[in-house]
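Asks: My questions will all concern the structure given below.
Numbering (the working numbering), first residue to last: 15 to 466.
The following block contains the structure:
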C-alpha cells in the first residue's frame, strides 16, 4: 500500500514538473509592430505628397487610408517594408484638410498611426508675350503662359485686360483658353495698348496677374514731318475717324436729308447751277498726315462720281497722304465768297469738292466748284495764286518737300493719278486744283472759268 501511494505521488510530481516546464517555455501574448510615420502638414493641391516611416517588423502589409465624411476609411495605397524596416507611400493631395492613417497589418497584430494633411492652392505664374510693334489694321497673336509656382503647367481660362496709352483704367479685352500651360489670343489694337493676363483663384491655384506687355501701334502710311520754319495751318481740325474696313472702301450715295440741311445756306443756295438730285456724297478711306488710315467725305457731281471713285481708290493704293476730307459746309457761310467758307477750309489744309461760291479773289465770278466737277487737295501745302494773292499762305508756294505732300510737277504721282481719270491740273497758278474734263464732261454744267 505504501509503495503504491509513493508511486502515485512520484507520477504526480513528474507530471506537474513536465507541465510546468511546458508552460514556462510558451511565448508571451502577441504584440503589434512598432510603427513611426512622418509627412508634411500641407502640400500644394494636385501634387503627390510622400508619407514615410519605419516599422519593427518586416512582414505584413502597410496600408495608407483616407477618412471619409461618413466615418469610414478609404484605401488609397499599399506597400511593404524595405529590408531595413523603412517604407514610403505617395498620396495625391486634394484641396482642403484631410485625415489620413497608416496601418501595418501583421500576423501578430496591427499598428495604426493617424495624421492630417492640408491641400493648399499654389501661386500662379503668368506671362504674356508677342510683338512689341504692330502696323495699324493688322492682327497680332499674343501667347499666354500659365504655370504654378513650382513649375507645373495649368489648364484653365485667363482673362485678357487692356489699357490704352495715356489712360489709367484697365478694361476687359476677352479671354484666353490655356491648355497644359499655353494659350494664344489674337488682338487688333488701333492705338498703343498695354495688355495683362489675370486669373481668379481656384482650389488649386491662387489668383495671378502677368507683367504688362505693350503693343506699339504704328501707322501704315507716311507721317508728315513739317520742315523747320514751315508755316502750320491757322485752323486745326479734329482728326477724322479711323478707317475700319480694308482698302479704300469708296462708297457713293445720294445726299441724305441730314447732309442736305447742313449744305443749304452754306455750300448750296438758290441760284446754284446744280441741285440736290445732281449731287452725290463720296465717302472713302485715305492715308492721313499722321500716317493712319482715316475716313472722310467729299461732295461731287453725279456724272463725276465714277471717275472720282477711281481717283480715291488709286490714291489709297498709292498711300498718297491727305490732310483731311471734310465737307466745306463745316466751315459755314462766307459773305465774301457767297458760298461755303473756302478760305477757312484752305486755312485748315482741308481737301474738298462741291461748293457753290465765287472764285477766290474774283467776287461775282462763279467757281467751277459750283458745278461739282472740281477737287482741291492738300490746300495748305499747295497754295492758290489768286487775285487776292497766294492763299491760304505764301510760305509753301516755293517749297518742294516733303515731296509726297506737295504737288509741283505733272510727274507727281498724285497729279498723274488724277490725270489718268480725266482731271486736269492747273499747275503753278493753282497747285491744289483739279478739274474734271474727261469722258462725259460736256454733259456737265459748263464752268464760266477755270479759276478756283
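Cβ coordinates follow ideal geometry from the N, Cα and C atoms, glycine included.
With a threshold of 16 other CB atoms inside 10 Å of the CB of residue 234, please say whether the residue is buried or exposed.
Replies: The sequence position of residue 234 within the chain shown is 220, counting from 1. Residue 234 should be labelled exposed.
Asks: Would you mind reading off the limits of the beta strand (DSSP E) that contains residue 231?
Replies: Residue numbering aside, residue 231 sits at position 217 when the chain shown is read from its first letter. Run containing residue 231: 227 to 232, per the beta strand (DSSP E) assignment.
Asks: Quick check on DSSP: helix, strand or coil for residue 87?
Replies: As a first step, residue 87 must be located in the chain shown, where it is residue number 73. Reduced to three states, the DSSP call for residue 87 is strand.
Asks: Starting from residue 433, trace the alpha helix (DSSP H) in both directions and tell me its first and last residue.
Replies: Locating residue 433 in the chain shown gives position 419, counting from the first residue. Segment 427 to 434, the alpha helix (DSSP H) holding residue 433.
Asks: So, residue 192 versus residue 171, is the Cβ gap smaller than 8 angstroms?
Replies: As a position in the chain shown, residue 192 is number 178, starting the count at 1. As a position in the chain shown, residue 171 is number 157, starting the count at 1. For residue 192 and residue 171, yes; Cβs fall inside 8 angstroms.
Asks: For the putative contact between residue 330 and residue 299, defined by C-beta atoms under 8 angstroms, what is the C-beta separation to the nearest angstrom?
Replies: For the purposes of this step, residue 330 is taken as the residue at position 316 of the chain shown. For the purposes of this step, residue 299 is taken as the residue at position 285 of the chain shown. Sure, about 6 angstroms apart at Cβ, within 8 angstroms.
Asks: Just to confirm the assignment, what range does the beta strand (DSSP E) spanning residue 437 have?
Replies: What you label residue 437 is simply residue 423 of the chain shown in a count that begins at 1. Run containing residue 437: 437 to 439, per the beta strand (DSSP E) assignment.
Asks: So what does DSSP say about residue 456, is it helix, strand or coil?
Replies: Position 442 of the chain shown holds residue 456. Here residue 456 sits in helix by DSSP.
Asks: Given a cut-off of 8 angstroms on the beta-carbon distance, is the pair residue 164 and residue 58 in contact?
Replies: Indexing the chain shown from 1 puts residue 164 at position 150. Indexing the chain shown from 1 puts residue 58 at position 44. Yes; because the gap between Cβ atoms is below 8 angstroms, this pair is in contact.
Asks: Where does the unbroken alpha helix (DSSP H) through residue 282 begin, and where does it stop?
Replies: For this step, residue 282 is matched to residue 268 along the chain shown. Unbroken run through residue 282: none, as it is neither H nor E.
Asks: Quick check on DSSP: helix, strand or coil for residue 263?
Replies: As a working mapping, residue 263 is identified with position 249 in the chain shown. Residue state, collapsed to three classes: coil.
Asks: By a C-beta neighbour count over all protein chains shown, 10 Å radius and 16 as the cutoff for buried, is residue 425 buried or exposed?
Replies: For the purposes of this step, residue 425 is taken as residue 411 along the chain shown, with counting starting at 1. Result: exposed.
Asks: Short of 7 angstroms in beta carbon distance, which residues of its chain neighbour residue 421, apart from the five on each side in sequence? Order them along the chain.
Replies: To locate residue 421, count along the chain shown from 1; it is residue 407. Correct list, in chain order: 396, 428, 429 and 445.
Asks: Just how far apart, CA to CA, sit residue 220 and residue 147?
Replies: Residue numbering aside, residue 220 sits at position 206 when the chain shown is read from its first letter. Residue numbering aside, residue 147 sits at position 133 when the chain shown is read from its first letter. Residue 220 and residue 147: Cα-Cα distance of roughly 32 angstroms.
Asks: When you compare only the Cα positions, how much space is there between residue 40 and residue 134?
Replies: Residue 40 sits at position 26 when you count from the first residue of the chain shown. Residue 134 sits at position 120 when you count from the first residue of the chain shown. Low local confidence applies: a pLDDT of 40 at residue 40 is under 50, so the model's placement there is unreliable, and no value is given.
Asks: Taking all protein chains shown into account, decide if residue 407 is buried (16 or more other Cβ within 10 angstroms of its Cβ) or exposed.
Replies: Position 393 of the chain shown, counted from the first residue, corresponds to residue 407. Looking at its Cβ environment, which holds 16 or more other Cβ atoms inside 10 Å, residue 407 is buried.
Asks: Based on DSSP bridge pairs, tell me the residues matched to residue 69.
Replies: Position 55 of the chain shown, counted from the start, is the residue given in the question as residue 69. DSSP lists 49 as partners of residue 69.
Asks: Rounded to a whole number of angstroms, what is the C-alpha to C-alpha distance between residue 469 and residue 243?
Replies: Residue 469 falls outside the range modelled here, since the chain spans only 15 to 466, and no answer is possible.
Asks: Counting only the same chain and skipping the five closest in sequence on each side, list residues whose C-beta sits under 7 angstroms from that of residue 401.
Replies: Within the chain shown, residue 401 is the residue found at index 387, counting from 1. Excluding positions up to five away in sequence, the list reads 375 and 376.
Asks: Could you check whether the region 47 to 57 touches the region 117 to 134, counting it as contact only if at least three pairs of C-beta atoms, one from each stretch, sit closer than 8 angstroms?
Replies: yes
Asks: Kindly indicate which three-state DSSP category residue 202 falls into: helix, strand or coil?
Replies: The residue given as residue 202 occupies position 188 in the chain shown. Residue state, collapsed to three classes: coil.
Asks: Pick out whichever of 418, 443, 47 and 447 has its Cα sitting closest to the Cα of residue 432.
Replies: As a first step, residue 432 is located in the chain shown; it is residue number 418 there, counting from the start. If we check each option's Cα against that of residue 432, 447 comes out closest.
Asks: Hey, would you say the C-beta of residue 77 is under 7 angstroms away from at least one heavy atom of the ligand NAP?
Replies: The ligand NAP is absent from the structure shown, which contains no ligands of any kind.
Asks: Specify the secondary structure class of residue 356 as computed by DSSP and reduced to three states.
Replies: Start at 1 with the first residue of the chain shown, and residue 356 comes out as number 342. Helix at residue 356.
Asks: Residues in its own chain within less than 8 angstroms of residue 75 by CB, not counting five upstream and five downstream?
Replies: Position 61 of the chain shown holds residue 75. These residues qualify, in order along the chain: 92, 93, 94, 118 and 119.
Asks: Is it true that the region 96 to 111 meets the region 200 to 207, where meeting means three or more beta-carbon pairs spaced less than 8 angstroms apart?
Replies: no
Asks: Considering only the beta carbon of each residue, do residue 386 and residue 314 sit closer than 8 angstroms?
Replies: Here residue 386 corresponds to residue number 372 of the chain shown, with the count starting at 1. Here residue 314 corresponds to residue number 300 of the chain shown, with the count starting at 1. Yes; because the gap between Cβ atoms is below 8 angstroms, this pair is in contact.
Asks: Assuming residue 49 contacts residue 125 (C-beta within less than 8 angstroms), just tell me the rounded distance between them.
Replies: Taking the chain shown and counting its residues from 1, one reaches residue 49 at position 35. Taking the chain shown and counting its residues from 1, one reaches residue 125 at position 111. Correct: roughly 4 angstroms between the Cβ atoms.
Asks: Is it buried or exposed for residue 37, if we count other Cβ within 10 angstroms and need 16 for buried?
Replies: Working through the chain shown from its first residue, we reach residue 37 at position 23. Caution applies to residue 37, whose pLDDT of 44 falls short of 50 and renders its modelled position unreliable; the value that the coordinates give is listed next. Looking at its Cβ environment, which holds fewer than 16 other Cβ atoms inside 10 Å, residue 37 is exposed.
Asks: When burial is assigned at 16 or more other CB atoms within 10 Å of the CB, is residue 318 buried or exposed?
Replies: Taking the chain shown and counting its residues from 1, the one referred to as residue 318 is at position 304. Its Cβ being crowded by 16 or more others within 10 Å, residue 318 is buried.
Asks: Nearest to residue 226 by alpha carbon, out of 140, 347 and 366?
Replies: Along the chain shown, one-based indexing puts residue 226 at 212. Of the listed residues, the one whose Cα sits closest to residue 226 is 140.
Asks: Taking 8 angstroms as the cut-off, decide whether the C-beta atoms of residue 65 and residue 107 are in contact.
Replies: For this step, residue 65 is matched to residue 51 along the chain shown. For this step, residue 107 is matched to residue 93 along the chain shown. Contact: no.
Asks: Report the three-state DSSP secondary structure of residue 325 (helix, strand or coil).
Replies: Counted from its first residue, the chain shown places residue 325 at position 311. Here residue 325 sits in helix by DSSP.
Asks: Looking at residue 73: is its Cβ nearer than 8 angstroms to the Cβ of residue 121?
Replies: Taking the chain shown and counting its residues from 1, the one referred to as residue 73 is at position 59. Taking the chain shown and counting its residues from 1, the one referred to as residue 121 is at position 107. Closer than 8 angstroms, so yes.
Asks: Rounded to the nearest angstrom, what separates residue 456 and residue 188 at their Cα positions?
Replies: In the chain shown, residue 456 corresponds to position 442, counting from 1. In the chain shown, residue 188 corresponds to position 174, counting from 1. Answer to the nearest angstrom: the Cα atoms are 57 angstroms apart.
Asks: When you compare the CB positions of residue 60 and residue 218, do they come within less than 8 angstroms of one another, or not?
Replies: The sequence position of residue 60 within the chain shown is 46, counting from 1. The sequence position of residue 218 within the chain shown is 204, counting from 1. In contact: residue 60 and residue 218 (Cβ atoms closer than 8 angstroms).
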